[in-house]
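Data first, discussion second: the structure below is written as C-alpha cells.
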Amino acid sequence: MNETNRPAASLRVAIAGAGPAGFYAADFLLKAGASVDMFERLPAPFGLVRYGVAPDHQKIKRVSAAFERTASLPGFGYYGNVEVGRDVSVEELLSDYDQLLLAIGSAGDRQLGIEGEDLAGSVAATSFVGWYNGHPDFVDQSFELGGERAVIVGMGNVALDVARILVRDPAELAPTDIADHALSALQKSSVREVVLVGRRGPAQAAFDQGELEDIADLAGVEVLVEKGMSFEEPAELSPAARRNLEYLRALPTEPGKKSRALLRLRFLAAPHRIVGEGGRVTGLEWEKTELVQRPDGSVGASGTGVFAVEPGGLVVRSIGYRGRPMPGLPFDRGRSVVPNQGGRVSESERPFPSCYVVGWIKRGPVGLLGTNKQDARETVDAMLADWKAAGRGSREPGRVLGLLNERKLRIVRYPDWQRIDQAERDAGAQAGKVRQKLYSVKDMLALLDPS
Ligand code: NAP
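For reference, each letter of the sequence shown is one residue, going 217 to 667 in this note's numbering.
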C-alpha cells in the first residue's frame, strides 16, 4: 500500500489510560474507522469519573454512559489490570500498534514544601478523594476526624469537594456509591468546622461559584467568609471570577443560625508551617498576604510578615494534582506533563513519532470533564493527519497480547468489567445505594475467577 493518504480504517491505536480523556479520544478514533485497544492499570475503567468525581455528584458521573457506548463500538478492545510502563513498555506497544496515545492523567499530588507536612493528620486531597471513592490505592488509609476543625489549603473545586464531604450530613451520602469505610468514618466524625485557606484574594479563587452555593444550600451547613475581607473588583475580571466575587460579597461573616456545620473561607493567607504536638497536626500557621502585580501582569501574593495559626486536627492540602513520568517518553517536571505540541509528543523540537498525549498529562491538571472532549479532538486530528501523511513501516500486530499472556497477567476484558459493574450495581440495589463498589483489585479479580 502507498505510504501516504492511508485510510483511517487501517490505523491501530493503543491508548494508555481509560479515563475521560482516553474515552473521548477513543470515540473520535473509532468513529473515524480506526481500531483502539485501551490499556488501564486498574481493572475498572472511567478514571476520575469513578474515582475522582465526588459520590454526591452522581449527575456528573452519568457521563460514563457515553463511555459505555464508546466501548460498544466495533474495533474497541479493553485491557484492564495492565499497567503501561510496568506490565508492558512504550517500546513494546510501538512495536505492535501504529500509534500510542497516552491518557494517564495526573495521579500524583503536589506538596506544599513547608515544615510539618509529614505530621500525622497532614494529608493530600488526592488521598482523601481516593479514599471516599474506594480507589484501590487509598482504601487502607485513615484520616484524623476526631477534632472539631479541619483546615484545607487551596481554593479550587477539589478543596470544595473535600469540604462538602466533611460537612455534609452522612445520611445524605449513604445512598450514593461512597466507600463504606469512608461513610462509617464520617458518621463518627467530630469535624464541625472546615476552614478553606487561600493564598490570594476572593477574585482569584479557583472554584466555581455554583460549587460553593451547593455547600451553602446543604441542610444545617453555613458558609462564612472571614471578617474584614475587601471585595474590590480588579480592572479585569473573567465572568466566572465576577460570579464568585458577587457571591462571596453577600456571604455572612458570623454564623446566623444554629448550624450543624460551618465552612469558613479565609483569603490572603499563605500556608507557612503545619504545627503539631506529639507528631500530630494541631493546626496550620499562615502568613497574611497582599496582592501584587507579577511581571507578566498576573496577580500574585506576597507575605506581609504577619502570622497566625488556624487550629485543626486535619490539614488537607488541595493544591492540585501532579502527572507522573512514563518510562520511554520525555517529561516536563516543572509543568508535570509529557511535553507536546498540540498532542504530538516532542521535546525541544525533537519529535517522538507515533506518540501522542491527551487530557491532564498533555495540558496539566486543569479543566472540567468536558474540557477533555475538545482536547481529544485536537490530538485525534493530529493523529489522523499524521497517519494519512505517512504511516509507519511494518508492525507486529498481536505481539503485545502474546507478551501479556507470557507474563501471566489476569487481563480484565470489557465483558469482565461489565460483570464487575453489574455485581456492584446489584449489591448496591440490595443495600439501598447507587452502587456497592469493590475496593481492591483482589476482590474484583476474585469475583471474576472465584476459587
Ligand atoms: P485548582 O483549580 O488548580 O486549584 C488549586 C488551588 O490550590 C488554587 O486555589 C491555588 O491557588 C492553590 N495553590 C496551589 N499551590 C499552592 C501553594 N503552594 N500554596 C497555597 N495554595 C496553593 O486545582 P483542583 O482544585 O485540584 O482542581 C483541578 C481541576 O479539576 C480544576 O480545573 C477543577 O475545576 C476541576 N474539578 C472540577 C470539579 C467540579 O466541577 N465539580 C470538581 C473537582 C475538580 P492559586 O490560584 O493562588 O495558585
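In this text, a Cβ means the ideal position worked out from N, Cα and C, and glycines have one as well.
For residue i, which of helix, strand or coil comes out of DSSP?
i	result
GLY235	coil
MET254	strand
ALA225	helix
PRO546	coil
PHE283	helix
ASN349	coil
SER570	strand
VAL650	coil
LEU479	strand
ASN297	coil
SER610	coil
VAL657	helix
PRO631	helix
ILE490	strand
GLU388	helix
ARG380	helix
PHE359	coil
LYS504	strand
ALA248	coil
SER667	coil
ARG671	Residue 671 is absent from the model: the chain starts at 217 and stops at 667.
GLY324	strand
Pick from the options: whose alpha carbon is nearest that of residue i?
i	options	result
PHE483	LEU507, ARG489, VAL497 and ALA477	LEU507
ALA336	ALA647, HIS351, PHE359 and ILE320	PHE359
LEU461	PHE423, LEU434, GLU470 and GLY494	PHE423
PHE255	ARG365, MET599 and LEU309	LEU309
GLN642	GLN634, GLN652 and TRP633	Checking the displayed sequence, the identity of residue 642 turns out to be Asp instead of Gln. Considering only alpha carbons, the answer is GLN652.
GLY249	ALA606, MET599, GLY648 and LEU625	MET599
ARG480	GLN509, ARG365 and GLY268	ARG365
ARG266	PRO352, GLU307 and GLY291	PRO352
GLN357	THR342, GLY521 and GLY370	THR342
PRO527	PRO468, ARG496 and PRO455	ARG496
ASP303	MET542, SER406 and LEU584	MET542
LYS375	GLY324, ILE431, SER564 and GLY238	Note that residue 375 is Ala in the sequence shown here, rather than Lys. Of GLY324, ILE431, SER564 and GLY238, the residue nearest in Cα terms is ILE431.
GLN646	ARG635, GLY235, PRO391 and PRO261	PRO391
LEU289	GLU563, LEU246 and ALA319	LEU246
SER610	ASP385, PRO271, SER311 and TRP603	SER311
ALA225	ARG615, GLY644, ARG533 and TRP603	TRP603
ALA499	LEU453, ILE368 and GLU429	It should be noted that the sequence gives Gly, not Ala, for residue 499. Nearest option by C-alpha distance: ILE368.
SER251	LEU316, ALA281 and LEU264	LEU316
ARG416	GLY618, GLY516 and TRP633	GLY516
GLN638	LEU654, ALA419, HIS397 and GLY350	LEU654
Got a sec: does the ligand NAP put a non-hydrogen atom nearer than 6 Å to the Cβ of residue i?
i	result
ASN373	yes
ALA340	no
VAL410	no
GLY321	no
VAL582	yes
ARG510	no
ILE535	yes
ALA422	yes
GLY324	no
GLY370	yes
GLY415	First, the residue type needs correcting, since residue 415 is Arg and not Gly in the sequence shown. Yes, the Cβ of ARG415 comes within 6 Å of a heavy atom of the ligand NAP.
Rounded to a whole number of angstroms, what is the C-alpha to C-alpha distance between residue i and residue j?
i	j	result
TRP576	VAL561	14 Å
VAL628	ARG538	27 Å
GLN274	ARG566	43 Å
THR595	VAL229	13 Å
VAL574	ASP243	13 Å
ASN218	GLU612	Unreliable placement is indicated for ASN218, whose pLDDT of 41 sits below 50; the coordinate value is still reported in the next sentence. Answer to the nearest angstrom: the Cα atoms are 19 Å apart.
ARG489	ILE330	6 Å
PHE523	VAL553	35 Å
GLU442	ARG326	26 Å
LEU663	GLY293	21 Å
GLY519	GLY586	36 Å
ALA387	GLU427	20 Å
LYS473	GLY372	27 Å
ARG615	TYR313	9 Å
GLY263	GLY362	31 Å
VAL669	GLU493	No answer is possible for residue 669: the residues shown for the chain start at 217 and end at 667.
ALA421	GLY233	30 Å
ASP670	ASP272	Because the chain spans 217 through 667 in this model, residue 670 falls outside it and cannot be assessed.
VAL531	VAL339	6 Å
GLY296	GLY444	53 Å
Less than 7 Å between CB atoms is the rule here; does residue i satisfy it with respect to chain D?
i	result
PRO631	This model lacks chain D altogether, as it is built from one protein chain only.
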